[in-house]
Every structure is written in structure tokens, then in C-alpha cells.
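Structure, as C-alpha cells:
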Amino acid sequence: MRILEHPGCFLNHCGWSSVIEALGFGCPLILLPMINDQPLNARTLVWKEMGLEIERNEEDGTFTRESVAKSLRTVMVDEDGEKHRFIARELKQVFGNKSLNDEYVDRFSQYLREHRQTSPN
2 MRILEHPGCF LNHCGWSSVI EALGFGCPLI LLPMINDQPL NARTLVWKEM GLEIERNEED
62 GTFTRESVAK SLRTVMVDED GEKHRFIARE LKQVFGNKSL NDEYVDRFSQ YLREHRQTSP
122 N
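Taking this note's numbering, the leading residue of the sequence shown gets 2, the next gets one more, and so forth.
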């Protein structure tokens with residue numbers, strides 16, 4: 002967890018658990034999806050301005066060190082990256098709030114109990 006507490010950003014494969022963990026620490030996200038649900042997660046995060054995806058070759062999916070450096074510079078230093086840094090700080094208030102998360106889980110569990118269907122046996 003100490004790694005996510007640093008003041009930089011998080012280069013992430015876009016696995017949902019890693020995304021949630023990073024947002025809980027207020028880390029701006031650099032996105033490098035690889036397989037399965039990761040590209041969809043990345044598109045959603047970009048759409049919501051919660052992360053910046055590293056540019057890749059459309060034909061074969063390769064990326065360059067220059068495209069990685071450009072993404073890092075944008076999110077960490079450039080004025081264009083301020084929106085990502087701001088959103089990350091804002092989302093820390095939600096994803097990093099254990100009591101709020103516990104409340105959501107409790108309310109969801111209660112909803113499931115109240116609306117469960119019983120078997121007709």
C-alpha cells in the first residue's frame with residue numbers, strides 16, 4: 002500500500018480491483034489494458050476522465066516508451082493532466098472512505114435479504 006500512497010500516479014493494467022485500490026488512495030491513473038475486461042474498463046475510465054490511456058498502434062497493440070513517457074508527463078506535470086489529478090483527489094473521498102464503503106455493502110446486503118425470492122418447494 003505504501004506504493005499507492007506516493008504523490009505520483011499509477012500505471013495500471015485496468016483490472017477492476019487495482020483501479021478501485023488506486024482510486025482509494027487518490028492516485029491518478031495511466032491505463033495500459035491487456036486482456037479480457039481491461040480494455041472495456043479503460044474506455045469507461047477514459048470516458049469518465051478518471052484516467053489516461055497510453056497511445057498504442059491500432060494494428061498490433063504495441064506501444065512505445067515515448068507514448069508511456071507522454072502519458073506520464075501529461076497526468077503528472079502538464080496542465081491538461083490537472084483534471085485527472087483533481088478527479089483522483091475527489092474520488093479518494095468515496096473509494097478511500099471505509100465507513101462509506103461498509104455502509105454501501107450493508108445496505109446492499111439488506112436489500113438482497115428484503116427482496117430475496119423463496120423457492121416454491
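We put the beta carbon where it would ideally sit given N, CA and C, even for glycine. Being a predicted model, the structure only gives us computed values, none of them experimental.
| Item | Value |
| --- | --- |
| First through last residue of the beta strand (DSSP E) which encompasses isoleucine 21 | Unbroken run through isoleucine 21 is the alpha helix (DSSP H), 17-25; no beta strand (DSSP E). |
| Minimum C-alpha distance to asparagine 58 - residue among Ser68, Glu50, Met51 and Lys49 | Ser68 |
| Contacting residues, own chain, Cβ-Cβ under 7 Å from asparagine 42 (five flanking each side not counted) | Cys15, Trp17, Val20 and Pro34 |
| Option in Leu73, Thr65, Asp61 and Phe64 with minimal Cα separation from leucine 53 | Leu73 |
| Paired residues, beta bridge with isoleucine 31 - DSSP | Leu12 and Leu53 |
| Run of the alpha helix (DSSP H) containing isoleucine 88, from where it starts to where it stops | 83-96 |
| Rounded separation between alanine 23 and serine 100 - CA only | 18 Å |
| Buried or exposed by the 16-neighbour rule on C-beta atoms within 10 Å, applied to asparagine 98 | exposed |
| Spatially closest choice to cysteine 10 from Phe64, Thr65, Ser110 and Ile88, by CA coordinates | Ile88 |
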